[in-house]
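Okay, so the sequence shown: first residue is 1 according to UniProt numbering, each after it adds one.
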Amino acid sequence: MTTTPDILCIGSVLWDVIGRAASHMRVGSDVPGRITRLPGGVAMNIAMTLRRFGMTPALLTAIGRDAEGDDLMAEAARMGMVCDHIYRSDDLPTDVYMAIEGANGLIAAIADAHSLEAAGQKILTPLADGKLGSDAAPFHGPVALDGNLTEELLQDIAKSPLFARADLRVAPASPGKAERLLALLGHPSATFYVNLEEAGLLCQTRFDDSAVAAAALIARGAHRVLVTDGGNSASEGTAGDIITQTPPAVMVTRVTGAGDTFMAAHIASEAHGVDRAAALTRALNAAATYVSGETPL
Numbered sequence: 001m002t003t004t005p006d007i008l009c010i011g012s013v014l015w016d017v018i019g020r021a022a023s024h025m026r027v028g029s030d031v032p033g034r035i036t037r038l039p040g041g042v043a044m045n046i047a048m049t050l051r052r053f054g055m056t057p058a059l060l061t062a063i064g065r066d067a068e069g070d071d072l073m074a075e076a077a078r079m080g081m082v083c084d085h086i087y088r089s090d091d092l093p094t095d096v097y098m099a100i101e102g103a104n105g106l107i108a109a110i111a112d113a114h115s116l117e118a119a120g121q122k123i124l125t126p127l128a129d130g131k132l133g134s135d136a137a138p139f140h141g142p143v144a145l146d147g148n149l150t151e152e153l154l155q156d157i158a159k160s161p162l163f164a165r166a167d168l169r170v171a172p173a174s175p176g177k178a179e180r181l182l183a184l185l186g187h188p189s190a191t192f193y194v195n196l197e198e199a200g201l202l203c204q205t206r207f208d209d210s211a212v213a214a215a216a217l218i219a220r221g222a223h224r225v226l227v228t229d230g231g232n233s234a235s236e237g238t239a240g241d242i243i244t245q246t247p248p249a250v251m252v253t254r255v256t257g258a259g260d261t262f263m264a265a266h267i268a269s270e271a272h273g274v275d276r277a278a279a280l281t282r283a284l285n286a287a288a289t290y291v292s293g294e295t296p297l
């Protein structure tokens, strides 16, 4: 029997291949460290944190029918995610993300989400064929969208009746893909989760603090925004109503997935009825704990 999900996570589900070193690194560095392969991708990272908060996410993504894809499906099912609606491709390989991290943070990363992009609308089929919804009875509940989807698909989602009743929670996959989200800026139920750099890209400028960035995004048409700035203050709000908090200071041991952890913790907090100030606090605490290395991957 198929489990009913609390939330849909739509976007990249792939393998993260992460090399971490304890030393500071620069371009050309060759240092000892550890290399791990773990389930990742924005949608998967969000889903993993949602599970830790007691929610049951369903994944809508593309995963290849290869050995890597079979392993990834098995791992997602083991963690308690609903995998019944994942599009499995016979001719597209399972996507992968590769990153190098040093003591001074992320050095470089490459996200190969070409299979997700190629699958396009196919990953949304369960929202139209009655399994999760239809045009006449669209899915009603929270939906986490990530910027690894193509700009064309995000434009379709912005005007699709399949998302007319959804509580959209939107995040860029990276600063390099932030501008893909412009299509959703005017959506009446979309909440944007961006960092300071991504906010600047969406507004075609640079910001010095999260509150100014949040106000600018709202002025550009965003319904609701959350803007983070690493260890500096983060802001959440809608038009004329912005709150700002400072995250706890911690020793940073990892950065990949921190923004996804923040977003998922915030979504789960609100799903459990926590007020907006407390939800922002819980999300900042969860992200700080994550980057300190205290939360299991």
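A virtual CB, placed ideally from N, CA and C, is assigned to each residue, including glycine.
Alpha-carbon spacing of residue i relative to residue j, whole angstroms
{"i": "A62", "j": "E236", "result": "32 Å"}
{"i": "P247", "j": "A136", "result": "43 Å"}
{"i": "G120", "j": "D16", "result": "21 Å"}
{"i": "A264", "j": "S29", "result": "34 Å"}
{"i": "V96", "j": "G40", "result": "8 Å"}
{"i": "M288", "j": "M73", "result": "For clarity, residue 288 is Ala in the given sequence; the question names Met instead. Answer to the nearest angstrom: the Cα atoms are 29 Å apart."}
{"i": "P228", "j": "A211", "result": "Before going on, a small fix: residue 228 reads as Thr here, not Pro. The straight-line gap from Cα to Cα measures roughly 9 Å."}
{"i": "A234", "j": "T125", "result": "36 Å"}
{"i": "T261", "j": "V143", "result": "15 Å"}
{"i": "T3", "j": "A76", "result": "14 Å"}
{"i": "M1", "j": "T49", "result": "Because the pLDDT of M1 is 47, which lies under 50, any placement of that residue in the model is unreliable, and the question is left without a value."}
{"i": "K122", "j": "S189", "result": "24 Å"}
{"i": "I100", "j": "G147", "result": "21 Å"}
Spatial neighbours of residue i in its chain, beta-carbon cut-off 6 Å, leaving aside the 5 residues before and after
{"i": "L226", "result": "Y193 and E236"}
{"i": "M25", "result": "G102 and I107"}
{"i": "R165", "result": "P138 and H140"}
{"i": "G69", "result": "I63 and T94"}
{"i": "L280", "result": "E236 and Q245"}
{"i": "N45", "result": "G257 and D260"}
Sub-8 Å separation of residue i and residue j beta-carbons
{"i": "R51", "j": "M79", "result": "yes"}
{"i": "T94", "j": "L14", "result": "yes"}
{"i": "T238", "j": "R224", "result": "yes"}
{"i": "L274", "j": "R282", "result": "A quick correction: the sequence has Val, not Leu, at residue 274. Taking 8 Å as the Cβ cut-off, V274 and R282 qualify as a contacting pair."}
{"i": "L201", "j": "L162", "result": "no"}
{"i": "A173", "j": "V42", "result": "yes"}
{"i": "G230", "j": "A249", "result": "no"}
{"i": "V255", "j": "G33", "result": "no"}
{"i": "A199", "j": "A213", "result": "yes"}
Cut-off 8 Å between Cβ atoms - residues of its own chain near residue i, not counting five sequence neighbours on either side
{"i": "R276", "result": "E236, I243 and E270"}
{"i": "L145", "result": "I10, G11, L154, I157, L168, R169, V170, A171 and L184"}
Same chain, Cβ closer than 7 Å to residue i, neighbours up to 5 away in sequence not counted
{"i": "D90", "result": "R65"}
{"i": "P5", "result": "T56, P57, A58 and V82"}
{"i": "E179", "result": "L201 and L202"}
Subject >> Whole runs of the alpha helix (DSSP H) within the region 29-87, excluding any shorter than 4 residues >> reply: With a minimum length of 4 residues, the continuous alpha helix (DSSP H) runs that stay inside the region 29-87 are 42-52 and 67-78.
Original post:
Given 8 Å as the limit, is there contact between the region 6-17 and the region 59-75, that is, 3 or more CB pairs closer than that?
Top reply: Flag = yes, the region 6-17 and the region 59-75 touch.
Subject >> Every unbroken alpha helix (DSSP H) within the region 119-182, with a cutoff of 4 residues, ordered by chain >> reply: The qualifying runs are 151-159.
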